[in-house]
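Peer 1:
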Amino acid sequence: MKSEPDVYSIQDLKRDKTAMWEGCRNYQVRNMLRDSMQINDLAFFYHSNAKPSGIVGIMKIVSHAYPDPTQFEKESEYYDEKSSRENPRWYVRDVEFVEEFSDTITLQDMREIPELNEMLVLRKGQRLSITPVSPEEWKSVIGLDHKK
DNA sequence: GCCAACGTTGGC
DNA sequence: GCCAACGTTGGC
C-alpha cells in the first residue's frame, strides 16, 4: 500500500498506532480495499515519490471496509460531488502499525532479486496505490529486510 | 521538472 | 461504444 511520505509516512503511522487509509480514488484500488482484503491481513507500507522509494515496513488491516468520510467533506481535497451517503463510491480500511524496517527496501533492491520479477508493484507503468503481494513475494521481501 | 503509462471524461 | 483529449501517478 503506497503513500507519499510527505503526505503520510510510516513514522506518522508509528506515532498514531492506527490510521484510516483515506483518499483512494481509483476503482481497482477501491475494489481491493472493499472486497479483497480481510481483517488481520498484513500489508507492506510503501513510500512513493520518496528518496528512495520502496518498502519501509509492515502494517495490519484492522477494520472492515467502510465509506471514506472525506468524499462527503466539501472542504476536503478528496471531496467527490458525485458520491452520496446512500450510494458511496469510495471506501477505506483502518490500518495498524506493526513494524518499521531498519532500512528501506528500495525498488533497486527488489529489482535485483529474480524472485520478485513478477511483483506487480515493480511493473513498468504500474500506478495503482494498492497491489496484491503473493506469499512467496512476501517472504522474499522479508528476506531482503533480514539481510540489511 | 520531465514524461511514459495509464485512467477518466465526454462529444459524437 | 469509440476514442481523442485531458488528468494523474510516480520513477527518474
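Throughout the first sequence, residue numbering follows the numbering used here, covering 121 to 268 in sequence.
From the three backbone atoms N, C-alpha and C, an ideal C-beta is built for every residue, glycine too.
(1) Using DSSP with H/G/I as helix, E/B as strand and the rest coil, what is Thr226?
(2) Going by beta-carbon coordinates alone, are Ile181 and Met157 separated by less than 7 Å?
(3) Which same chain residues end up closer than 6 Å to Met239 when comparing Cβ atoms and leaving out the 5 residues on each side of it in sequence?
(4) Looking at the secondary structure, which residues open and close the alpha helix (DSSP H) in which Lys267 lies?
(5) Can you tell which of Val176, Glu206 and Ile159 has the C-alpha that lies nearest to the C-alpha of Ser183?
(6) Would you report the Cα separation of Arg231 and Ile225, rounded to the nearest angstrom?
(7) On the three-state DSSP scale, how would you describe Ser203?
(8) Return the first residue and the last residue of the alpha helix (DSSP H) that Ile181 is part of.
(9) Using the C-alpha atoms, what's the distance from Phe164 back to Asp155?
Peer 2: So, from the listed chains and residues:
(1) Reading the first sequence from its first residue, position 106 is the one you call residue 226. Residue state, collapsed to three classes: strand.
(2) As a first step, residue 181 must be located in the first sequence, where it is residue number 61. As a first step, residue 157 must be located in the first sequence, where it is residue number 37. Contact flag set, yes.
(3) Walking along the first sequence from the start, residue 239 turns up at place 119. If we look at Met239 and ignore the five residues flanking it on each side, its Cβ neighbours are Glu257.
(4) Residue 267 sits at position 147 when you count from the first residue of the first sequence. Annotation for Lys267: the continuous alpha helix (DSSP H) segment containing it runs Pro255 to Lys267.
(5) Indexing the first sequence from 1 puts residue 183 at position 63. The alpha carbon of Ser183 has as its nearest neighbour, out of Val176, Glu206 and Ile159, the alpha carbon of Ile159.
(6) As a working note, residue 231 is residue 111 in the first sequence. As a working note, residue 225 is residue 105 in the first sequence. Cα to Cα, the separation comes out at about 10 Å.
(7) Along the first sequence, read from residue 1 onward, the residue named residue 203 stands at position 83. Judged by DSSP in its simplified three-state form, Ser203 adopts coil rather than helix or strand.
(8) Mapped onto the first sequence, residue 181 falls at position 61. From DSSP, Ile181 is part of no alpha helix (DSSP H) but of the beta strand (DSSP E) over Gly174 to Ile181.
(9) Locating residue 155 in the first sequence gives position 35, counting from the first residue. Locating residue 164 in the first sequence gives position 44, counting from the first residue. Rounded to whole angstroms, the separation of the alpha carbons of Phe164 and Asp155 is 18 Å.
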